[in-house]
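Participant: The structure follows.
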Amino acid sequence: MVNDEAGGSPDAAALQPGRSPFIERVIEMSARNKFLVFIFVIFGVAAGVWALQRTPLDAIPDLSDVQVIVYTDWEGRSPDLVEDQITYPVSSKFIAAPKVKFVRGESMFGKSFVYVIFQDGTDIYWARSRVIEYLNSVRGSLPEGVNPVIGPDATGVGWVYEYALVDETGKHNLAELRSIQDWNLRYSLSSVKGVAEIAPVGGFVKQYQVDLDPNKLLGYGIPLSDVVGKIKASNADVGGKTFEVATAEYFVRGHGYIKSVEDIENIPLKVEKGTPIYVKNVGTVHLGGDLRRGVAEMDGKGETVGGIVVMRYGENALTVIDGVKNRGPRMRRLSLAPALRVRGHHYSADRDPSFIFTDAQAWAHEQHHVARRDRDRDRSDGRLSHHHGRECA
Numbered sequence: 007m008v009n010d011e012a013g014g015s016p017d018a019a020a021l022q023p024g025r026s027p028f029i030e031r032v033i034e035m036s037a038r039n040k041f042l043v044f045i046f047v048i049f050g051v052a053a054g055v056w057a058l059q060r061t062p063l064d065a066i067p068d069l070s071d072v073q074v075i076v077y078t079d080w081e082g083r084s085p086d087l088v089e090d091q092i093t094y095p096v097s098s099k100f101i102a103a104p105k106v107k108f109v110r111g112e113s114m115f116g117k118s119f120v121y122v123i124f125q126d127g128t129d130i131y132w133a134r135s136r137v138i139e140y141l142n143s144v145r146g147s148l149p150e151g152v153n154p155v156i157g158p159d160a161t162g163v164g165w166v167y168e169y170a171l172v173d174e175t176g177k178h179n180l181a182e183l184r185s186i187q188d189w190n191l192r193y194s195l196s197s198v199k200g201v202a203e204i205a206p207v208g209g210f211v212k213q214y215q216v217d218l219d220p221n222k223l224l225g226y227g228i229p230l231s232d233v234v235g236k237i238k239a240s241n242a243d244v245g246g247k248t249f250e251v252a253t254a255e256y257f258v259r260g261h262g263y264i265k266s267v268e269d270i271e272n273i274p275l276k277v278e279k280g281t282p283i284y285v286k287n288v289g290t291v292h293l294g295g296d297l298r299r300g301v302a303e304m305d306g307k308g309e310t311v312g313g314i315v316v317m318r319y320g321e322n323a324l325t326v327i328d329g330v331k332n333r334g335p336r337m338r339r340l341s342l343a344p345a346l347r348v349r350g351h352h353y354s355a356d357r358d359p360s361f362i363f364t365d366a367q368a369w370a371h372e373q374h375h376v377a378r379r380d381r382d383r384d385r386s387d388g389r390l391s392h393h394h395g396r397e398c399a
């Protein structure tokens, strides 16, 4: 009775506020089994280091939906025609696809985009396989020559790095820089682990251009379709059978790929009274740049040529950026001209470590800004109400 009145019993001590029997037992067991606690701590630290090394880090956590983009090019057609002939048939086909939440279509001049958004948790490559499967069944209902393709296996926040191809001597024009970017640099950077696409920007895409004289075409009686058909037919290699000469077998081949302006100029269009009429007789052929709808500029010093590195879905942005940066100097030594330099602009976690957030931190960051905005608004409303009350008084 004396112990009970004084509060000295174990049950009374356990029932006192602020003391937990479970925590006391854990502390007691830890004190008795120091070796096991040491082993658990080692395993915990090792698991933390392993998770830290393999956790994808980025400035903007990827919270986007599982999405597959279907792109179709139909040059020269108006948006309403693209909508009726391409966008509507393709988008209506994906409505019945499994695990599809939304299907959105966008039509513009000569281009069609269909965004197929799947349910959360859907494997991106399973979704891409379903899109390809349904595309095969809809190709027959599309116009002739139209070939829809799916976009890269990336997301809207996969833009992790941008670079520019700088000519320090000024000897290369924009068309030459674009050719180096498209045929040398892009393929090397595409092989970096985690890169889904290298999107070129700026410059001019080099092409052969034929400027025809309508009066000469009319005078020779040659329609425009014949000129287009003859040029297409002349840009191809052909093969024949083999023949044997002195126990040696020879292959018959015809070389016809266009490699220069002179090759196009000497393409025959028709023969009139034994005299061939060539492309150079009805027009001029020259090298030029394709039509473009945008430019790339750097540091206010004029136009430049570069590329955008798009990261593959689920990859680590830091690892991808490091791989691209390490590949640049090697490309300069192997295939780029000595005067060319690859200058990078960081658009992701490599810019500043303070920009790296986890999903939980990003959510907390957004909640903090929302709460601060609401608090400032409430204070502003309170000041206005107080001021209005004083005026009324």
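Basically this note's numbering = 1-based index in the sequence shown + 6.
Even for Gly, the Cβ is constructed at its ideal location relative to N, Cα and C.
1. Take the Cβ of residue 113 as the centre, count every other Cβ of all protein chains shown within 10 Å, and call the residue buried at 16 or more, exposed below.
2. Pull up the distance between the alpha-carbon of residue 54 and that of residue 202, whole angstroms please.
3. Rounded to the nearest angstrom, what separates residue 199 and residue 59 at their Cα positions?
4. Do the segment 148-160 and the segment 72-90 meet, that is, are 3 or more Cβ pairs less than 8 Å apart?
5. List the DSSP bridge partners of residue 110.
6. Which residue marks the beginning of the beta strand (DSSP E) containing residue 232, and which one marks its end?
7. Note down the Cα distance separating residue 170 from residue 347, rounded to an integer number of angstroms.
8. Answer yes or no: do residue 311 and residue 204 have a C-beta to C-beta separation smaller than 9 Å?
9. Under the three-state reduction of DSSP, which class applies to residue 170: helix, strand or coil?
10. Can you list, in chain order, the residues of its chain whose CB lies under 7 Å from that of residue 89, leaving out five sequence neighbours each side?
11. With distances taken between CB atoms, is the gap from residue 191 to residue 350 smaller than 9 Å?
12. Run the CB neighbour count on residue 356, radius 10 Å, all protein chains shown included, and call it buried at 16 or more, exposed below.
13. For my contact list, residue 326 and residue 166 are in at a C-beta cut-off of 8 Å; report their separation, rounded to the angstrom.
14. Fully enclosed by the segment 272-345, which alpha helix (DSSP H) runs are 4 residues long or longer?
15. Is residue 268 near the ligand MG, with its Cβ less than 8 Å from a heavy atom?
16. Going by DSSP in three states, residue 248 sits in which element: helix, strand or coil?
17. In the structure shown, what three-state DSSP assignment does residue 148 receive?
18. Are residue 237 and residue 216 touching if we call contact CB-CB under 9 Å?
19. Around the Cβ of residue 247, are there at least 16 other Cβ atoms within 10 angstroms (buried) or fewer (exposed)?
Facilitator: So, from the data block:
1. buried
2. 29 Å
3. 17 Å
4. yes
5. 121
6. Careful: residue 232 lies outside any beta strand (DSSP E), inside the alpha helix (DSSP H) at 230-240.
7. 8 Å
8. no
9. strand
10. 113
11. no
12. Unreliable placement is indicated for residue 356, whose pLDDT of 49 sits below 50; the coordinate value is still reported in the next sentence. Label assigned to residue 356: buried.
13. 6 Å
14. 323-340
15. With respect to the ligand MG, the structure offers nothing, as it holds no ligand at all.
16. strand
17. coil
18. yes
19. exposed
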